[in-house]
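Start counting the sequence shown at 1070; every next residue gets the next number (the working numbering). Think of the CB as a built atom: it goes at the ideal place given N, C-alpha and C, for glycine as much as any other residue. Being a predicted model, the structure only gives us computed values, none of them experimental.
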Amino acid sequence: MQLKGKTALVTGAGRNMGKTIALELVREGADLAINYFSSKKGAEETRAEAENLGVKAISFEADLSKVDQIQNMVKKVESEFGKIDILVNNSGMITEAKLDEINEEIWDRTMDVNLKGLFFCSKIVSEGMRKRKSGKIVNISSLGGIKAWPSFVAYCTSKAGVLMLTKCLALSLAPDIQVNSIAPGIISFPGDLDEVKRENFIKRIPLKRLGTYDEVAKTVIFLCRDSTYITGQTILVDGGLDLR
1070 MQLKGKTALV TGAGRNMGKT IALELVREGA DLAINYFSSK KGAEETRAEA ENLGVKAISF
1130 EADLSKVDQI QNMVKKVESE FGKIDILVNN SGMITEAKLD EINEEIWDRT MDVNLKGLFF
1190 CSKIVSEGMR KRKSGKIVNI SSLGGIKAWP SFVAYCTSKA GVLMLTKCLA LSLAPDIQVN
1250 SIAPGIISFP GDLDEVKREN FIKRIPLKRL GTYDEVAKTV IFLCRDSTYI TGQTILVDGG
1310 LDLR
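Shown next as structure tokens:
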């Protein structure tokens, strides 16, 4: 319970990886601010599970591509909890589109959700952190930000931007605030991917299996709880797939 007394804001915490990260922070004692946009039911389920673990938890709706909604959300969170000690920028979208398939709408939406929203969440939340001279920011990027995937041009570009933004934020917010990113590899497959393709893909991973949301969440805990001398770095949680 080393995070007891801390408040964590996790974006996109209504489902999947975001929910797993949020509940892992709760198990370490942190109170929880849950951001969601389209998954209200999931956010309420996350809130209920967090409260059952004995912490204060509240959900907040916000479209993170809209700066005014981010500002309103952060204001409400700080009003309810008094402060934000930990920000996990998990919210994002996966856009599968080759070069010739990308139009302005696809490009802008991908950048707005994956990069613009992350930047302004970090900028606005860090204002309070700077006043208190303390804070941890963890950005969820992707192996796609390191390796080029031709079927995911906009997505890879946005996630590569997260890696550089992490470095810039780390320098801008030092020495009091640590900013790092996590680049997960293949955690799950699309539901329509056939078994043969799944098996062939897994063979490419040196550890011969998919990763789990829990393994990503444990890495978040390391950066928020144990890490005191790491900033501006990206930790790959990919089973060694980046080595291929």
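May I ask you to list the residues that DSSP assigns as paired with residue i?
| i | result |
| --- | --- |
| K1205 | I1155 and Q1247 |
| E1130 | Y1105 |
| T1080 | DSSP lists no partner for T1080. |
| P1253 | V1306 |
| D1100 | T1076 |
Rounded to the nearest angstrom, how far is the Cβ of residue i from that of residue j, given a contact under 8 Å?
| i | j | result |
| --- | --- | --- |
| A1252 | G1214 | 6 Å |
| K1075 | D1132 | With a Cβ gap of about 26 Å, K1075 and D1132 do not count as contacting. |
| D1245 | R1199 | 7 Å |
Do the CB positions of residue i and residue j come within less than 7 Å of each other?
| i | j | result |
| --- | --- | --- |
| V1182 | V1079 | no |
| V1248 | I1299 | no |
| I1304 | E1093 | no |
| I1171 | A1223 | yes |
| T1235 | S1250 | yes |
| L1276 | G1254 | no |
| V1306 | M1086 | no |
| L1232 | S1210 | yes |
| S1203 | G1081 | no |
| S1128 | I1090 | no |
| F1111 | G1151 | For the sequence presented, residue 1111 should be read as Gly rather than Phe. No, Cβ-Cβ distance for G1111 and G1151 is not below 7 Å. |
| N1124 | V1095 | Sequence inspection shows Val at residue 1124; the Asn mentioned does not correspond to that position. Yes, these two residues count as a Cβ contact at 7 Å. |
Can you give the Cα-Cα distance for residue i and residue j, rounded to whole angstroms?
| i | j | result |
| --- | --- | --- |
| R1116 | I1271 | 34 Å |
| I1193 | Q1140 | 7 Å |
| S1148 | L1101 | 13 Å |
| L1072 | L1240 | 25 Å |
| E1113 | K1144 | 20 Å |
| A1119 | K1287 | 17 Å |
| G1098 | C1293 | 12 Å |
| S1191 | L1312 | 30 Å |
| M1142 | S1134 | 13 Å |
| R1121 | Y1105 | The sequence shown places Asn at residue 1121, not Arg. When rounded, the distance between both Cα atoms is 20 Å. |
| E1268 | A1166 | 23 Å |
| E1173 | T1164 | 13 Å |
| F1188 | V1136 | 10 Å |
| S1195 | R1201 | 10 Å |
| S1108 | Q1302 | 30 Å |
| D1169 | D1295 | 45 Å |
| I1256 | R1278 | 9 Å |
| T1297 | G1197 | 20 Å |
Q: Let me know the beta strand (DSSP E) ranges lying completely inside the region 1144-1196, each 3 residues or longer, listed in chain order.
A: 1155-1158
(Q) Threshold first: 4 residues or longer. Then list the alpha helix (DSSP H) segments lying entirely within the region 1260-1310, N to C. (A) With a minimum length of 4 residues, the continuous alpha helix (DSSP H) runs that stay inside the region 1260-1310 are 1264-1273 and 1282-1290.
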